[in-house]
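Read in order, the letters of the sequence shown correspond to residues 1 to 202 in our numbering.
Glycine included, every Cβ here is placed at the ideal spot set by N, Cα and C.
Model, not experiment: these values are computed from the prediction.
Input: a single structure, listed below in structure tokens.
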Amino acid sequence: MDLIYALDLVGTFVFAISGLLTASQKKLDLFGGFVIAFLTALGGGTIRDVLLGATPVGWMKDLNYLLVVTGGILATYLFHRYILKLRRTLFLFDTIGIGLFTILGLNKTLALGLSPVIGVMMGTVSAVFGGVLRDTLCNEVPLIFRKEVYATACIAGGVLFLALQAAGLEYHVNVLCTVLFIIVLRVLAVKRRWGLPGLKVE
Numbered sequence: 001m002d003l004i005y006a007l008d009l010v011g012t013f014v015f016a017i018s019g020l021l022t023a024s025q026k027k028l029d030l031f032g033g034f035v036i037a038f039l040t041a042l043g044g045g046t047i048r049d050v051l052l053g054a055t056p057v058g059w060m061k062d063l064n065y066l067l068v069v070t071g072g073i074l075a076t077y078l079f080h081r082y083i084l085k086l087r088r089t090l091f092l093f094d095t096i097g098i099g100l101f102t103i104l105g106l107n108k109t110l111a112l113g114l115s116p117v118i119g120v121m122m123g124t125v126s127a128v129f130g131g132v133l134r135d136t137l138c139n140e141v142p143l144i145f146r147k148e149v150y151a152t153a154c155i156a157g158g159v160l161f162l163a164l165q166a167a168g169l170e171y172h173v174n175v176l177c178t179v180l181f182i183i184v185l186r187v188l189a190v191k192r193r194w195g196l197p198g199l200k201v202e
């Protein structure tokens, strides 16, 4: 199995868990939980593919994505006691997801021959817009619009990937290093309360 494809499935799985945990916190029913998990896991990639003209979108051509989302939902229901014991579980799965999806979206865009700038933008779209849909439907202000380092971590990771690629770092090593960079940056930003300035217009 190709590394990128494997990471895509892993990212889909962890984002499905993230979505279902949010739905559970909001006391949604089983159907509502499935919808939120589905949109969280596949919403960002769907928006990216539509913007890139890559239709039908990925999950429509490969049912493994739907199976992985279903697996994430079942795993959360079956092992929710263990998952909820992890500290900041929702944050953990969300952070892993954005790290994976940023690089996946960037690589897919570059494979279409588009510019690196568009690649970074599409990587960020892939990573954050599933969460935007999740938070919006759950009546929360999306993380991307708060002061937290969220989309910024995706952009920084995308730029780092391009820099390491230009420096000649082996492709798979570059992917793993950049994903870890995004995860670590996001964790440090939350732990040390790094954030962008708030908007004040008077």
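query, result
"Need the endpoints of the alpha helix (DSSP H) that C138 sits in, please.", "No alpha helix (DSSP H) contains C138, which DSSP labels as neither H nor E."
"So, using beta-carbon positions, are S24 and G11 closer together than 8 Å?", "no"
"Alpha carbons only, please: which of G43, W59, G158 is nearest the one belonging to I183?", "G158"
"Does DSSP put A54 in a helix, in a strand, or in coil?", "coil"
"Quick check on D94: does DSSP put it in helix, strand or coil?", "helix"
"What's the gap between the Cα of G62 and the Cα of I96?", "In the sequence on display, residue 62 carries Asp and not Gly. Whole-angstrom Cα-Cα distance: 22 Å."
"Determine, using beta carbons only, whether F40 and V57 come nearer to each other than 8 Å.", "Rather than Phe, the amino acid found at residue 40 in this sequence is Thr. No; because the gap between Cβ atoms is not below 8 Å, this pair is not in contact."
"Nearest to L20 by alpha carbon, out of L7, A6, V35?", "V35"
"Below 7 Å CB to CB, which residues in the same chain sit around T22 once its five sequence neighbours on both sides are set aside?", "I36, L90, R134, C138"
"Are three or more beta carbon pairs between the segment 67 to 77 and the segment 160 to 177 nearer than 8 Å?", "no"
"Given a threshold of 16 other Cβ atoms within 10 Å of its Cβ, counted over all protein chains shown, does V141 qualify as buried or as exposed?", "exposed"
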